[in-house]
Amino acid sequence: MELLQMENITKLYGENRVLNKVSLSIREGEIHGLVGENGAGKSTLMNILFGMPVIHSTGGFEGEIFINGIPFNPKSPEDAMKAGIGMVHQEFMLIPGFSVTENIKLNRERTNPTLLSKIFGNKLERLDLSLMAKDSRQVLDKLNMTVDEYLPVAGLPVGYMQFIEIAREIDKEQLKLLILDEPTAVLTETEASQFLDVVRKLSEMGISILFISHRLDEIKEITHSITILRDGEMVKTIGTDKISIVDIARLMVGRNIDMVKAKDEERDIKDEYILELKDFKVNMPGEKVKGLDLKVRKGEILGIGGLAGQGKIGISNGIMGLYETSGTIIKDGKELPLNNPRNSLNSSIAFLSEDRRGVGLLLDDPIDFNIAFSSLEIQNKFLKKIGPFNLIDNRTVREHALKMIEELDIRCTGPKQHTRYLSGGNQQKVCIARALTLEPNLLLVSEPTRGIDIGAKKLVLDTLVKLNRELNMTIIITSSELGELRQISHRIAIIYDGKVKGILPPDASDEHFGLLMAGETLDKVVN
Amino acid sequence: MNSLIEKIGVPRLIIALFLIGLILVAVYLKIPLSSLITDILVRFGMNAILVLAMIPAVQSGIGLNFNLPLGIVFGLIGALISIEFKLSGFFGFIVSILIAVPLAAIAGYFYGKMLNRIKGQEMTVGTYIGFSVVSLMCIFWLVAPFKSPELIWAYGGNGLRVTVSLESSMAHVLNNFWSFKIGNVKIPTGLLLFFALCAFIVWIYSKSKKGLSMKVAGSNANFALSNGIDVDKERVWGTVISTVLAAIGIIVYSQAFGFLQLYNAPLYAAMPAVAAILIGGASLHRAKIIHVIIGTLLFQSLLVVALPVINVLSEGSMSEVIRTIVSNGIILYALTRPGGDTA
Chain C
6 MELLQMENIT KLYGENRVLN KVSLSIREGE IHGLVGENGA GKSTLMNILF
56 GMPVIHSTGG FEGEIFINGI PFNPKSPEDA MKAGIGMVHQ EFMLIPGFSV
106 TENIKLNRER TNPTLLSKIF GNKLERLDLS LMAKDSRQVL DKLNMTVDEY
156 LPVAGLPVGY MQFIEIAREI DKEQLKLLIL DEPTAVLTET EASQFLDVVR
206 KLSEMGISIL FISHRLDEIK EITHSITILR DGEMVKTIGT DKISIVDIAR
256 LMVGRNIDMV KAKDEERDIK DEYILELKDF KVNMPGEKVK GLDLKVRKGE
306 ILGIGGLAGQ GKIGISNGIM GLYETSGTII KDGKELPLNN PRNSLNSSIA
356 FLSEDRRGVG LLLDDPIDFN IAFSSLEIQN KFLKKIGPFN LIDNRTVREH
406 ALKMIEELDI RCTGPKQHTR YLSGGNQQKV CIARALTLEP NLLLVSEPTR
456 GIDIGAKKLV LDTLVKLNRE LNMTIIITSS ELGELRQISH RIAIIYDGKV
506 KGILPPDASD EHFGLLMAGE TLDKVVN
Chain U
158 MNSLIEKIGV PRLIIALFLI GLILVAVYLK IPLSSLITDI LVRFGMNAIL
208 VLAMIPAVQS GIGLNFNLPL GIVFGLIGAL ISIEFKLSGF FGFIVSILIA
258 VPLAAIAGYF YGKMLNRIKG QEMTVGTYIG FSVVSLMCIF WLVAPFKSPE
308 LIWAYGGNGL RVTVSLESSM AHVLNNFWSF KIGNVKIPTG LLLFFALCAF
358 IVWIYSKSKK GLSMKVAGSN ANFALSNGID VDKERVWGTV ISTVLAAIGI
408 IVYSQAFGFL QLYNAPLYAA MPAVAAILIG GASLHRAKII HVIIGTLLFQ
458 SLLVVALPVI NVLSEGSMSE VIRTIVSNGI ILYALTRPGG DTA
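These protein sequences, in sequence, are chains C and U.
Counting the first sequence from 1 gives a position; our numbering is that position plus 5.
Counting the second sequence from 1 gives a position; our numbering is that position plus 157.
Dropping the structure here:
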């Protein structure tokens with residue numbers, strides 16, 4: 006009996022097609038794995054199923070959903086809960102000051118009538134704490150949890166919080182389908198294996214599980230069947246025993262990349278290092294780097310890839326000193342002081358932030374000022390001396406901006422236009438222009454094409470390749486899009502759990518990339 | 158037409174229209190325009206520097222400086238000391254400023270350090286610090302060891318008067334400097350020139366490398382950080398300059414007014430200054446000299462013209478009521494703008 010059927014689900018965000026005719030069906034008691042890269046459409050699919058408001062505020066979706074054969078169209082998470090769907094989120098939705106019991110029974114409290122409630126309605130009934138605790142104990146026992154149900158949630162280990170979230174979901178009597186969104190991401194190995202046991206137990210109790218994870222070995226171990234998404238398309242639904250981890254990885258990543266590189270572009274890059282990182286740690290929230298070693302050769306484009314949250318973004322931010330950093334950075338043979346952005350800029354390093362609008366631009370200042378400011382601040386350019394004053398020289402700022410606008414083809418009404426009103430691609434070009442004005446020999450580029458339309462993407466990437474080729478600028482490009490890394494990089498380092506998992510040439514196979522991104526070693530590939 | 162209204166801004170348009178209406182009524186009531194214009198010029202000159210003090214505060218990112226009283230009390234101390242030593246005229250005025258500026262700078266430095274610990278709450282905390290400083294100084298005025306009979310109560314003993322007359326010291330030194338008459342309108346040349354000088358210094362600073370760093374730190378702290386700017390240091394700088402300008406501003410204000418007002422007088426000094434710059438078109442994140450000039454002119458003209466007109470038309474001190482409504486209303490309006498759009 007099919008518990009859930011989703012048929013031909015299509016979702017557009019504006020012009021952007023994030024899901025295209027995806028179908029999915031789950032039997033009762035089945036554990037179904039959902040895998041795909043970041044941006045493959047997993048979260049959007051779950052948001053649709055759970056009736057999240059973001060779906061309806063952006064124009065709804067196409068396609069049909071059936072639960073037990075009955076059409077189901079969730080307008081809000083409440084609808085979904087009523088239909089027996091529960092979701093455990095990646096971020097915990099627990100109230101730290103409340104006890105375990107109070108969190109589990111939140112909004113479904115057991116109550117006794119009181120005098121006041123008889124007059125003013127049942128909102129004023131008294132909580133029956135002992136009954137609530139008994140209920141909680143029951144569900145916690147189901148999960149093999151020994152934690153005291155009266156403890157406050159604040160201060161419990163993260164693993165416990167995960168279990169409490171699940172306890173809350175299975176305490177709902179009508180629960181039929183539980184969505185687990187990367188449930189093991191925050192758990193230690195033993196916690197994770199304990200957790201998987203619980204998931205199995207739930208499935209035996211007849212609850213269907215939709216299991217989203219980047220850890221392919223878990224998926225392989227626990228699920229009955231798997232759906233693989235890629236770029237919003239459904240690649241395959243298949244029984245777990247009929248597919249190997251290597252094949253899953255290949256299907257996840259696999260993409261027809263046009264290897265545009267002609268042979269004559271293969272330049273001779275010597276083993277001369279412009280930058281070395283040793284035991285490099287960056288404390289960037291959500292993107293921690295945990296003791297990484299990496300060498301960057303002079304004149305290469307080094308791609309840094311990996312899944313979100315594994316620490317790839319932290320590397321560039323750490324080199325620039327924007328987040329607390331420890332370890333050693335050696336630039337051009339000299340050790341670079343840590344946690345000091347000005348020193349990094351002085352050592353001919355420029356940085357294009359992944360947060361273009363937040364860090365990369367002064368949105369309410371004109372283009373020319375944006376382009377000139379870094380070099381004015383760091384290198385004292387664009388200044389003129391009048392008496393004792395060092396004033397900004399508006400004429401040279403403007404001339405320089407006009408030159409850059411022409412070179413990089415920035416579409417704008419003129420150098421005085423405020424950057425807020427530019428399109429994403431043109432904003433990125435202003436950032437590039439600002440970095441170039443510093444005349445760096447090492448350019449750190451973070452997510453350069455995020456939020457940019459396809460045409461502008463190509464222009465930005467072409468610009469980077471041109472800089473590398475013509476000015477012999479070393480470029481470290483960090484991107485979630487493996488495709489674009491493979492298009493322009495000479496080598497690609499895949500980051501997993503804050504460390505380099507492996508370095509691959511851009512023409513390595515899809516399996517290799519997929520496995521490294523999932524944290525597997527390459528020995529699994531049988532050559 | 159719409160774009161023109163947008164460019165001028167609705168609040169400025171309403172206030173300007175109201176002002177023109179008041180002037181027409183004043184003409185109709187045969188209130189002499191020449192004296193009104195003289196008053197407007199004087200009140201513009203005496204208030205403009207206090208309004209100017211908002212600019213470095215906004216530019217460095219601490220928002221509107223509701224803690225103007227901090228600078229003001231040190232300006233008052235400067236003036237009191239110069240009177241104690243029986244200095245008068247220009248010399249007294251300059252000495253007051255020379256004493257007040259370093260004191261205000263030190264106070265501004267510590268206040269700026271404190272603001273770095275409460276980012277995001279600067280305006281609320283500033284208001285209360287201002288109130289506390291004024292109260293603290295009330296004690297100081299009572300116990301300060303000043304001896305000059307000009308300053309202490311007429312019956313002797315300890316403690317300063319509530320209002321100290323500057324008639325024998327520095328009253329009107331700037332107003333009368335190079336002043337001349339066009340018809341019946343008296344132009345307070347010195348006063349306006351002194352404001353022009355201060356405004357010019359602030360303008361030059363905002364075009365200099367140091368000033369630009371401060372401005373960038375104020376408009377996008379993350380951007381500034383990634384360009385190697387010490388954002389906290391820039392915020393302290395902005396606070397120091399703002400506090401120093403407040404100290405100079407109150408000395409200029411007092412010499413034009415003819416009295417030093419002690420005790421509770423500085424309590425609400427920040428409100429009209431904040432209101433004026435907001436009327437001029439500044440926002441919480443953006444302020445220019447032109448906003449100071451337009452805002453002070455509109456705000457002060459409104460008060461000057463409204464006073465005689467309303468006193469003729471109705472009874473009591475309606476102009477004070479109007480001042481309060483306009484200044485607090487415009488502050489409220491500006492603070493409700495999402496993201497600090499131009500008010």
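The beta-carbon is built from N, C-alpha and C at its ideal position, and this holds for glycine as well.
Hey, quick one: how far does the beta strand (DSSP E) through residue 355 of chain C stretch, first residue to last?
354-357
To the nearest angstrom, report how far apart residue 66 of chain C and residue 53 of chain C are at their CA atoms.
8 Å
Using the rule of at least 16 other Cβ atoms within 10 Å of the residue's Cβ for burial, across every protein chain shown, is residue 168 of chain U buried or exposed?
buried
I'd like to know whether the C-beta of residue 502 of chain C is nearer than 9 Å to at least one C-beta of chain U.
no
Sequence-distant residues of its chain with Cβ nearer than 6 Å to residue 521 of chain C (five each side left out)
499, 506, 507
Give the residues of chain U in contact with residue 364 of chain C, contact being defined as C-beta atoms less than 7 Å apart.
379, 380, 383
Using only alpha-carbon positions, find the residue among C:469, C:336, C:394 that is nearest to residue 413 of chain C.
C:469
Flag this pair as touching only if the segment 282-291 of chain U and the segment 360-380 of chain U have three or more C-beta atom pairs under 8 Å; answer yes or no.
no
Under 7 Å from the C-beta of residue 364 of chain U: neighbouring residues of chain C
396, 397
Host beta strand (DSSP E) of residue 501 of chain C (start-end):
496-501
Cα-Cα separation, residue 265 of chain C to residue 171 of chain C
Caution applies to residue 265 of chain C, whose pLDDT of 48 falls short of 50 and renders its modelled position unreliable; the value that the coordinates give is listed next. The straight-line gap from Cα to Cα measures roughly 48 Å.
Which of helix, strand or coil does DSSP assign to residue 383 of chain C?
helix
Does residue 13 of chain C come out as helix, strand or coil in the three-state DSSP assignment?
strand
Could you check the C-alpha separation between residue 228 of chain C and residue 185 of chain C for me, to the nearest Å?
12 Å
Residue-chain proximity (residue 51 of chain C, chain U), Cβ-Cβ < 9 Å
no
Name the chain C residues whose beta carbon is nearer than 7 Å to that of residue 373 of chain U?
367, 378
Under the assumption that residue 342 of chain U contacts residue 453 of chain U (Cβ atoms under 8 Å), give the Cβ distance between them as a whole number of angstroms.
The pair is not a contact, with the Cβ atoms about 18 Å apart (cut-off 8 Å).
With a CB to CB cut of under 7 Å and the five nearest residues on each side skipped, what residues in its chain are close to residue 211 of chain C?
33, 34
Chain-ordered neighbours of residue 369 of chain U on chain C, where CB pairs are closer than 8 Å:
378, 381, 382, 397
Provide the residue span of the beta strand (DSSP E) that contains residue 239 of chain C, from first to last.
238-244
DSSP puts residue 170 of chain U in a beta bridge; with which residues?
Answer is none; residue 170 of chain U lacks a bridge partner.
Let me make sure I understand the geometry here. Which of C:390, C:224, C:448 has the alpha-carbon closest to that of residue 322 of chain C?
C:448
If I measure Cβ to Cβ from residue 364 of chain C and keep anything under 7 Å in the same chain, skipping five residues before and after, which residues do I get?
358
So for residue 448 of chain U, helix, strand or coil by DSSP?
helix
Identify the continuous beta strand (DSSP E) that holds residue 518 of chain C and give its terminal residues.
Segment 515-522 is the alpha helix (DSSP H) holding residue 518 of chain C; no beta strand (DSSP E) there.
When U:345, U:339, U:323, U:340 are compared against residue 333 of chain U, the one with the closest alpha-carbon
U:345
Have a look at U:338, U:181, U:233, U:261 and flag the residue whose alpha-carbon is nearest the alpha-carbon of residue 249 of chain U.
U:233
Report the partner residues of residue 394 of chain C according to the DSSP bridge assignment.
C:391
Are the Cβ atoms of residue 46 of chain C and residue 17 of chain C separated by less than 9 Å?
no
Considering only C-alpha positions, which residue in the set U:339, U:326, U:299 is nearest to residue 313 of chain U?
U:299
Residue 329 of chain U at chain C interface by Cβ criterion, 9 Å
no
Please state whether DSSP places residue 117 of chain C in a helix, a strand or coil.
strand
Count the CB pairs spanning the segment 210-226 of chain C and the segment 126-139 of chain C that are closer than 8 Å, and state whether there are at least three.
no
Going by C-alpha distance, which of C:300, C:330, C:254 is nearest residue 288 of chain C?
C:330
Roughly how many whole angstroms lie between the Cα atoms of residue 486 of chain C and residue 21 of chain C?
16 Å
Give me the Cα-Cα distance between residue 383 of chain U and residue 450 of chain C, rounded to the nearest whole angstrom.
13 Å
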